[in-house]
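Data block below; observations after.
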Amino acid sequence: MRGKNARKRQKKLTFGSWINNLGEGALESVMSAKKEAQITLPHSVCSDLQTFSYPDRTQLYMLDLVYQFFAVLNQSLYPIEVCVAFDPAPSVYFEYLQRDALFLHSALWTAQSYFDCIQGFQVSERALFHECKAINQVQKRLNYPQTAVNDATIAVVVNFVLTTALVGHFSTAKKHMAGLYQLLKLRGGLRQLKGNSQLQIKICRADLSVALLNGDRPLLLSDSNNWKPFLADVADTEFLKRHFQSFTLDRRLANTGTDLRRFCDSANMAFITSSKIDGPLFQETLISVQYRLITLKFNENGDEKEGSLNEAFRLALLAFSTTVFLQLRGIKIRFSLLSAQLKDALLSQVVWADLRKMETVSLWVLFVAAIVAVTDEDDVWLVSLMNERLRGTESFISWHKVRSILKDFMWIGEIHDEDGKAVYSRMVRYAAVHKDSSSGIDVVLL
Numbered sequence: 034m035r036g037k038n039a040r041k042r043q044k045k046l047t048f049g050s051w052i053n054n055l056g057e058g059a060l061e062s063v064m065s066a067k068k069e070a071q072i073t074l075p076h077s078v079c080s081d082l083q084t085f086s087y088p089d090r091t092q093l094y095m096l097d098l099v100y101q102f103f104a105v106l107n108q109s110l111y112p113i114e115v116c117v118a119f120d121p122a123p124s125v126y127f128e129y130l131q132r133d134a135l136f137l138h139s140a141l142w143t144a145q146s147y148f149d150c151i152q153g154f155q156v157s158e159r160a161l162f163h164e165c166k167a168i169n170q171v172q173k174r175l176n177y178p179q180t181a182v183n184d185a186t187i188a189v190v191v192n193f194v195l196t197t198a199l200v201g202h203f204s205t206a207k208k209h210m211a212g213l214y215q216l217l218k219l220r221g222g223l224r225q226l227k228g229n230s231q232l233q234i235k236i237c238r239a240d241l242s243v244a245l246l247n248g249d250r251p252l253l254l255s256d257s258n259n260w261k262p263f264l265a266d267v268a269d270t271e272f273l274k275r276h277f278q279s280f281t282l283d284r285r286l287a288n289t290g291t292d293l294r295r296f297c298d299s300a301n302m303a304f305i306t307s308s309k310i311d312g313p314l315f316q317e318t319l320i321s322v323q324y325r326l327i328t329l330k331f332n333e334n335g336d337e338k339e340g341s342l343n344e345a346f347r348l349a350l351l352a353f354s355t356t357v358f359l360q361l362r363g364i365k366i367r368f369s370l371l372s373a374q375l376k377d378a379l380l381s382q383v384v385w386a387d388l389r390k391m392e393t394v395s396l397w398v399l400f401v402a403a404i405v406a407v408t409d410e411d412d413v414w415l416v417s418l419m420n421e422r423l424r425g426t427e428s429f430i431s432w433h434k435v436r437s438i439l440k441d442f443m444w445i446g447e448i449h450d451e452d453g454k455a456v457y458s459r460m461v462r463y464a465a466v467h468k469d470s471s472s473g474i475d476v477v478l479l
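Per the working numbering: the sequence shown = residues 34 to 479.
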């Protein structure tokens, strides 16, 4: 029997294509509860890897790397993608591996570089070998207009961007991204790839990563963004605004932040129920949220106080979004410029004096800043502010309570809990060393 306190059934969400700007008519469902939607390898792939013809001579280790690239890197390289339901049909990249020697060496370079980084090694000779092979072949490919801008060539250049960024060569990744941008212009723009959504999302991820790593404007950024909520409704936006009390949160920022929060709620539910988020939803959220956050700039005109607070929250949302969409499995990529900007914003007396009055928002922003901090040297100022933020709020504060606050605001347990608990532990140690008897605060790790 349903009681009066039973929760209302959550309204089904819809969304339109943001990448291709197809308008409100292109609508899809947000959640897919079918477990069978999880990507699986075609049944014959593993056994066929040793039998089908490759476009170039292969050695045994190459077969293993091909499998790793197809089975792991191309499907679950990013932790959030574990709960995403992509098209279960065989990946288009598998076709490229079979017929394109250039893509084969590009894939081998990416896979070998990834595993080198995972194991803490310098870039190996194998990775360098396949990098050289790929670069030599792509230079030849670009001399022929009919092949210079096909999907396979563009996919190779995307691999160049992401792999050089992975190994820390950010300036080289920027040059590759500029080359990719020129190829896209020759092709007629990103929209011309709408039949290959896997490639589209990799291009956007490459563009966003390079921009954030180098502190630049994304090359694919549009000046005509739609600032309406992409996922959220009015009630969602009002929930976020309530946490800012009397402060006027910028409408565009509120809409974008609420979209990200709604996506996090869907991701948490997917992890808990072993269900899947709709693949197109994941792609569109990634693009719409991060490009909008990068577009917004405050502090340039108008009220300095409101501009500074809006800018601090924008930076926190952008930093949080990188942990959801851009972090690799097993490798911690630090967006040091973004982290430094967020630090400067929080250390502003104008910002912190007002932000600390917003209990939930300030706690969330501090945890985000700590998670994306470049080095442990940032712990001192961050943990100090956390201790100040928690002082006198309650006589008993546990990680369970802190996590509950964070998750209610914006948090994905499977992605953020481990780092968040580590931050809390550092705060506990700091409080023990700098205990203020007048604060009345006890911290307990549960």
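Note that the Cβ used here is the ideal one computed from N, Cα and C, for glycine as well.
Could you check what DSSP says for residue 430 in three-state terms: helix, strand or coil?
strand
Which same chain residues end up closer than 6 Å to residue 242 when comparing Cβ atoms and leaving out the 5 residues on each side of it in sequence?
198, 359
What do you get for residue 404, buried or exposed, if any count of 16 or more other CB atoms within 10 angstroms of its CB means buried?
buried
What do you get for residue 207, buried or exposed, if any count of 16 or more other CB atoms within 10 angstroms of its CB means buried?
buried
Would you kindly work out how many angstroms separate the C-alpha atoms of residue 386 and residue 341, rounded to a whole number?
11 Å
Mark residue 312 as exposed unless 16 or more other C-beta atoms lie within 10 angstroms of its C-beta, in which case mark it buried.
buried
Mapping DSSP to helix, strand and coil, what is residue 246?
helix
Using CA atoms only, rank isn't needed, just tell me which of 302, 419, 423 is closest to residue 402.
419
Can you list, in chain order, the residues of its chain whose CB lies under 7 Å from that of residue 84, leaving out five sequence neighbours each side?
With a pLDDT of only 46 at residue 84, under 50, the local geometry of the prediction cannot be trusted, and the value read off the model is given with reservation. Cβ neighbours of residue 84 beyond the five flanking positions: none.
Of the choices 440, 442, 397, 192, whose alpha-carbon is the least far from that of residue 422?
397
Is it buried or exposed for residue 467, if we count other Cβ within 10 angstroms and need 16 for buried?
exposed
Rounded C-alpha distance that separates residue 283 from residue 115
33 Å
Check whether the Cβ atoms of residue 137 and residue 129 lie closer than 9 Å to each other.
yes
Looking only at DSSP bridge pairs, what is residue 117 linked to?
310
Closest to residue 288 by CA distance: which of 265, 302, 297 is it?
265
Can we say the stretch 365-379 touches the stretch 244-261, given the rule of at least three CB pairs closer than 8 Å?
yes
Check each candidate in 260, 378, 267, 379 and name the one with the smallest Cα separation from residue 322.
260
Note down, in chain order, each residue of its chain lying with its Cβ closer than 8 Å to the Cβ of residue 169, except the 5 sequence neighbours on either side.
none
On the CB-based measure, 16 or more other CB atoms within 10 Å of its CB, does residue 484 come out buried or exposed?
This structure leaves residue 484 out entirely; the chain is present only between 34 and 479.
Checking 9 Å against the spacing of the C-beta atoms, do residue 94 and residue 174 come in under that value?
no
The alpha helix (DSSP H) that contains residue 210, what's its start and end?
203-220
Is the distance from the Cβ of residue 350 to the Cβ of residue 290 below 9 Å?
yes
I'd like to check one pair, residue 240 with residue 251: are the Cβ atoms closer than 9 Å?
yes
Whether residue 463 touches residue 432 by CB criterion (9 Å)
no
Does residue 278 pass the burial test, meaning 16 or more other C-beta atoms within 10 Å, or should it be called exposed?
exposed
Kindly indicate if chain C contains any beta-carbon less than 9 Å away from that of residue 384.
The structure shown has no chain C; it contains just one protein chain.
If you run the structure through DSSP and keep just helix, strand and coil, what is residue 110?
coil
Could you check whether the Cβ of residue 189 sits closer than 8 Å to any heavy atom belonging to the ligand HEM?
The ligand HEM is not part of this structure, which contains no ligands at all.
Can you give, in chain order, each stretch of the alpha helix (DSSP H) that sits fully within the stretch 141-205 and has at least 4 residues?
158-174, 178-181, 184-199
Residues bridged to residue 364 by DSSP?
361
Put residue 452 into one of helix, strand or coil per three-state DSSP.
helix
Length of the line joining the Cα atoms of residue 182 and residue 201:
27 Å
Among 392, 355, 343, 353, which one has its Cα closest to the Cα of residue 383?
343
Segment limits, alpha helix (DSSP H) that includes residue 132
125-132
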